[in-house]
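Colleague:
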Amino acid sequence: MNMSTIGQQETIADLPAEPGLPPAHLDHAAPAVYKALLSAGKEATAAAVQAGLDQRIIELIRVRASQLNGCAFCLRMHTRDALLAGETSDRLAVLSAWRDTDYFTPVEKAALAVTEHVTLIADEQAGRAAQRDATGALSVEQHAAVRWLAIIINAFNRVAITSHYEVAPERRSGNEAR
Numbered sequence: 003m004n005m006s007t008i009g010q011q012e013t014i015a016d017l018p019a020e021p022g023l024p025p026a027h028l029d030h031a032a033p034a035v036y037k038a039l040l041s042a043g044k045e046a047t048a049a050a051v052q053a054g055l056d057q058r059i060i061e062l063i064r065v066r067a068s069q070l071n072g073c074a075f076c077l078r079m080h081t082r083d084a085l086l087a088g089e090t091s092d093r094l095a096v097l098s099a100w101r102d103t104d105y106f107t108p109v110e111k112a113a114l115a116v117t118e119h120v121t122l123i124a125d126e127q128a129g130r131a132a133q134r135d136a137t138g139a140l141s142v143e144q145h146a147a148v149r150w151l152a153i154i155i156n157a158f159n160r161v162a163i164t165s166h167y168e169v170a171p172e173r174r175s176g177n178e179a180r
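The structure is reproduced here in structure tokens:
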């Protein structure tokens, strides 16, 4: 995943460390490791595209994992990216309850099930359901790509959450952001 994704104004790496304190942000504390994670994200995205997954599915995977992990920073970023990639606000609004809707295709449902399994790895029932949902809907390459995307976004969620990245409304000229 490229942290300077579509519509992203500022990357995590652009955020300054607090003066007088060691960097709380892992990207500042270990920039080489963070760059390796960025590189792995780019490779996972390329593998997904090569496997035939479009940018909307890629962003749905990122948003769903971020919902499950409670990562506000990644939720904001990837919701914006999903909208810019053509995702609808209706589908994003019901993403957390995707199983109870008719909004998603069989491929998207399989990708979301696999994402939930990777994110909630200790839940064996989710793992069995993900395998069942993925069978026939995803090719071997797509299944692997979805797992890699989920693994990478889970890593980024943990970086953002443990680094306490600030998430606040943007100020608009003359008005507070809503």
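Everything in the sequence shown is counted per my numbering, starting at 3 for the first residue and increasing by one. Beta carbons: idealized from backbone N, C-alpha and C, even for Gly.
Which of helix, strand or coil does DSSP assign to Arg160?
Modeller: The sequence position of residue 160 within the sequence shown is 158, counting from 1. Three-state result, Arg160: helix.
Colleague: Candidates Arg160, Lys111, Ala53: which alpha carbon is nearest Arg93's?
Modeller: Looking up residue 93 in the sequence shown gives position 91. That would be Lys111, whose Cα lies nearest to the Cα of Arg93.
Colleague: Whose C-alpha, out of Gln69, Ala152, Leu39, Ala53, is nearest the C-alpha of Val142?
Modeller: Counted from its first residue, the sequence shown places residue 142 at position 140. When only C-alpha atoms are compared, the closest one is Ala53.
Colleague: Taking 7 Å as the threshold (C-beta atoms), are Ala157 and Leu55 in contact?
Modeller: For the purposes of this step, residue 55 is identified with residue 53 of the sequence shown, where counting begins at 1. For the purposes of this step, residue 157 is identified with residue 155 of the sequence shown, where counting begins at 1. It is not a contact, given that the beta carbons lie outside the stated cut-off.
Colleague: Please say whether Ala46 and Leu114 have beta carbons closer to each other than 7 Å?
Modeller: In the sequence shown, residue 114 corresponds to position 112, counting from 1. In the sequence shown, residue 46 corresponds to position 44, counting from 1. No, the pair does not count as a contact, with Cβ atoms beyond the cut-off.
Colleague: Is the region 128 to 137 touching the region 26 to 37 in the sense that three or more CB pairs, one from each, lie closer than 8 Å?
Modeller: Counting Cβ pairs under 8 Å, fewer than three are found: no touch.
Colleague: For Glu118, is the classification buried or exposed, using 16 other Cβ atoms within 10 angstroms of its Cβ as the cut-off for buried?
Modeller: Walking along the sequence shown from the start, residue 118 turns up at place 116. Under this definition Glu118 is a buried residue.
Colleague: Considering only the beta carbon of each residue, do Ala139 and Cys73 sit closer than 7 Å?
Modeller: Your numbering for residue 139 matches position 137 in the sequence shown. Your numbering for residue 73 matches position 71 in the sequence shown. Against a cut-off of 7 Å, the Cβ pair of Cys73 and Ala139 comes out as no contact.
Colleague: From the DSSP output, in three-state form, read off Arg174 for me.
Modeller: As a first step, residue 174 is located in the sequence shown; it is residue number 172 there, counting from the start. Arg174: strand per DSSP, three-state reduction.
Colleague: Just tell me which of Thr103, Glu172, Glu89, Ala95 has its CA closest to the CA of Gln69.
Modeller: Sequence index remark: in the sequence shown, residue 69 carries index 67 (1-based). Nearest of Thr103, Glu172, Glu89, Ala95 to Gln69, Cα basis: Ala95.
Colleague: Enumerate in chain order the residues of its own chain whose CB-to-CB distance from Asp135 is below 7 Å, with the five nearest sequence positions on each side excluded.
Modeller: Your numbering for residue 135 matches position 133 in the sequence shown. The answer, listed in chain order, is Lys111, Ala112, Ala115.
Colleague: If you scan the region 96 to 131 from start to end, which runs of the alpha helix (DSSP H) of 4 or more residues do you find wholly inside it?
Modeller: Runs of the alpha helix (DSSP H) inside the region 96 to 131: 108 to 121.
Colleague: Measuring straight from C-alpha to C-alpha, what distance separates Asp104 and Leu62?
Modeller: Along the sequence shown, read from residue 1 onward, the residue named residue 104 stands at position 102. Along the sequence shown, read from residue 1 onward, the residue named residue 62 stands at position 60. Rounded to the nearest angstrom, the two C-alpha atoms are 15 Å apart.
Colleague: Between Arg58 and the rest of its own chain, which residues show a CB-CB distance below 7 Å, the 5 nearest in sequence each way excluded?
Modeller: Indexing the sequence shown from 1 puts residue 58 at position 56. Only Ala84, Ala87, Gly88, Glu89 meet the Cβ criterion.
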